[in-house]
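Chemist: What the sequence shown shows, in the numbering used here, is residues 16 to 599, in sequence order.
Sending over a structure as structure tokens; questions will come in a sec.
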Amino acid sequence: MSIVKKIFGLIPSSKRRQLPLMLLTALCSAVIDLVGIAALVSVLLVVLDENFLANNHLFALIYDTCGFGSERAFIVAVCIAVLVVIALKGVCSVALGQVRGRFMMRLFADLSQRMYDNYLSRGLLFVRSHHTTTLINNVNAMCHRFAHGVVSPLLGILTEAVVVVVLLVLLSLFNPWVVLLAVVVFVPVALIYSRIIRKRMAENGREENRLQVAQNKTMYEALRGYADIEIAGAKPYITARFARGIESLRHYSLRAMLMRASSSHVIEFSLVLGVVAVIIVGLAAGQTVGSLKVFLGVFAVAAYRIVPSISRIVGSWSEFKRNQFVVELLTTELSHEVEPTSQTTERLPFEREIRLEGVDFAYSSAPNNNEGAPNDKPNGVPNDLILNNFSLAIRKGEKVGIQGASGKGKTTLFNILAALFVPHKGALVVDDKPINTPELRRKWQNNIAYVSQDLFIPDVSIAENIAFGVEPGQIDHARLRKAIATAQLGDLVAGLPNGVDTITGEAGCRLSGGQRQRIGIARALYKEASVLMFDEATSSLDEPTEREIVDAVAGLSEADSNLTILFISHNPKTLEFCDRVIEL
């Protein structure tokens, strides 16, 4: 019941309301299957029982009512009717399968979106502390497994269980011995098989997922670090690592396939066992082989539907156990779920200054971005503080340089000023207003443009990169042209065959380093941000290009005296345009 409650809790409320419909489709599938079985039994009885009209009042009634001239004509009519019923059964089964399929895909989509929103709402610190491929796997593969490897098998078990129970009840009306025999033969075999594989499937599923994530990591790192791998001659090492992962994944995948495939053979064995038991028990009871014909025929037809049902129940149970770990994983991940921050375009008023007041920050104890005002932790001050009782005031319109050795907290300081990190102690204050809620952080960030050394350039057009976050059809082209001209990107755009519609390539690979940084400047100008933050934005550029970028930034300040510029650099010459330089 605990796992069922967790599964139910993971299903969105909109989908919970559809569960009765899914149960109804399961029952309809069961009824349709039973109709198919009844049709096949009808054919069996009229063929095997020479006295079917005398022994079956329903057949006799239909025969007389429809005015059949001979038993042969009646048998042909029954066979044609059965074909029609089986065809209609197939059409209905496909339609019901479509309903269930759409439900499962919608469940996957909703849960995946929920996980995606959850991760993006938990702040930069959370994202940086988890491997990208693990988060991607959880959003995509784990949500897909939940829908198709947990919920779908459980609905399948319910459907097949209804079929089996109803079929056994109907068979008991025909001959209770058939039911007793089916229960005695099939149930123990299924229980023994499921007990044997249950734990193995659960362990196998966890290991398969771990190995799949590891393979994704290896592939991601190989593509991301291709140049370093090639220069270092490390390709054999990376290739061998990937090959070992594939071999391990192959081992566990084959193991899962073997356990799934073995279920059909186990059920096949139980069917043969049942037939043998019918013959032995019947002969021992003094019945002739002839008298066993109808009994065997009915048992065979029942087994024709019961055996696949039990096989699917066992298979679905195995698949559920294989993916059961997903329920725990998603429950744990979503236990930290927070309401997504309102994506308002409203900007926090900024007229006087930005202040940091007595800020302490340590990565080991930093609060989540969606918490309220930061408070002192009950365990006292952490030992690994990056910033310790740090205070700073930046006036509106100032150009402030920040320098210091690596690891001294320059980027951390920027992330706090940009409200991406929440300090352990102290506060970020704008015009005497503490930035201490997700809503205020969003409004403050609407004032900021952040240009880093490794600027994020998605694989879209130059126009979409500059007007980042704006749908292509909603881009203000007059504003775009002004941003391009001010960032000195006019010559680049004019020289491209598709102009601003040119695709930049993955991570801006079709642009030079200086062009990428100018894209960042143009993005800030299009946003009309009041605070520009440059984090080592020129450190990877050659000296002439760096000078051009710095002159362009200085020119922005000259054109707008209210523009506040914060610039991190190791190079003192780069910071000469600043009003003051802070060394950490």
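No residue lacks a Cβ here, since even glycine has one placed at the ideal position from N, Cα and C.
For the alpha helix (DSSP H) that contains Ala569, what are its first and last residues?
Modeler: 558 to 574
Chemist: What number of angstroms, rounded off, separates the C-alpha of Ala388 from the C-alpha of Glu223?
Modeler: Because the pLDDT of Ala388 is 41, which lies under 50, any placement of that residue in the model is unreliable, and the question is left without a value.
Chemist: Decide yes or no for the touch test of the stretch 456 to 464 against the stretch 516 to 525: beta carbon pairs closer than 8 Å, at least 3 of them.
Modeler: no
Chemist: On a Cα-Cα basis, can you pick out the residue from Trp332, Ser584, Glu361 that is closest to Ala420?
Modeler: Nearest to Ala420 by alpha-carbon distance, out of Trp332, Ser584, Glu361, is Ser584.
Chemist: How many angstroms separate the CA atom of Phe244 from the CA atom of Glu372?
Modeler: What sits at residue 244 in the sequence shown is Ile, not Phe. For Ile244 and Glu372, the distance between alpha carbons rounds to 45 Å.
Chemist: Of the choices Asp575, Phe405, Glu551, Ser576, whose alpha-carbon is the least far from that of Pro587?
Modeler: Glu551
Chemist: Please report the Cβ distance between Leu182 and Ile52, rounded to the nearest whole angstrom; I am assuming they are in contact, meaning their Cβ atoms lie under 8 Å.
Modeler: 6 Å
Chemist: At the level of alpha carbons, what is the spacing between Glu413 and Ala569?
Modeler: 11 Å
Chemist: CA-CA distance, Ile77 and Ser187?
Modeler: 24 Å
Chemist: Going by CA-CA distance only, name the one from Gly528, Ile597, Ala482 that's closest to Glu558.
Modeler: Gly528
Chemist: List the DSSP bridge partners of Arg137.
Modeler: Per DSSP, none; premise fails for Arg137.
Chemist: When you compare the CB positions of Ser127 and Asn155, do they come within less than 8 Å of one another, or not?
Modeler: yes
Chemist: Label Gln113 either buried or exposed according to how many other C-beta atoms from any shown protein chain fall within 10 Å of its C-beta, with 16 as the threshold for buried.
Modeler: exposed
Chemist: If we count the other Cβ atoms within 10 Å of its Cβ and call it buried at 16 or more, is Ala254 buried or exposed?
Modeler: Checking the displayed sequence, the identity of residue 254 turns out to be Thr instead of Ala. Looking at its Cβ environment, which holds fewer than 16 other Cβ atoms inside 10 Å, Thr254 is exposed.
Chemist: Can you find at least 3 beta carbon pairs, one from the stretch 558 to 567 and one from the stretch 426 to 444, that sit closer than 8 Å?
Modeler: no
Chemist: Taking Tyr134 as the reference, give the member of Leu345, Gly116, Leu73 with the closest Cα.
Modeler: Leu345
Chemist: From the DSSP output, which residues share a beta bridge with Asp375?
Modeler: Lys440
Chemist: Is the distance from the Cβ of Pro35 to the Cβ of Asp125 below 8 Å?
Modeler: The Cβ atoms of Pro35 and Asp125 lie no closer than 8 Å to each other.
Chemist: Report yes if the CB atom of Cys94 is closer than 8 Å to the CB atom of Val46, and no otherwise.
Modeler: In this structure, Cys94 keeps its C-beta atom at 8 Å or more from the C-beta atom of Val46.
Chemist: Tell me the rounded alpha-carbon separation between Asp178 and Ser331.
Modeler: At residue 178 the sequence reads Val, which differs from the Asp that was named. Distance between the alpha carbons of Val178 and Ser331 is about 15 Å.
Chemist: Which first and last residues belong to the beta strand (DSSP E) in which Phe582 is found?
Modeler: 579 to 583
Chemist: Near Phe592, what residues of its chain come up, given a Cβ to Cβ distance below 6 Å and the 5 sequence neighbours on each side ignored?
Modeler: Ala569
Chemist: Considering only their Cβ atoms, is the gap separating Phe118 from Leu25 smaller than 8 Å?
Modeler: no
Chemist: Quick check on Asp491: does DSSP put it in helix, strand or coil?
Modeler: Reduced to three states, the DSSP call for Asp491 is coil.
Chemist: Can you tell me whether Pro27 is helix, strand or coil according to DSSP?
Modeler: coil
Chemist: Return the bridge partner residues of Asp550 from the DSSP annotation.
Modeler: Ser467, Ile583
Chemist: Which residue or residues does DSSP assign as beta-bridge partners of Leu407?
Modeler: Leu371
Chemist: Can you name the start and end residues of the alpha helix (DSSP H) that Gly82 belongs to?
Modeler: DSSP places Gly82 in no alpha helix (DSSP H); its state is neither H nor E.
Chemist: Just to confirm, is the Cβ distance from Ala498 to Leu540 under 8 Å?
Modeler: yes
Chemist: Look at Ile536 and Ala502 and say whether their C-beta atoms are less than 8 Å apart.
Modeler: yes
Chemist: Let me know if Glu175 comes out buried or exposed under the rule of 16 or more other beta-carbons within 10 Å of its beta-carbon.
Modeler: buried
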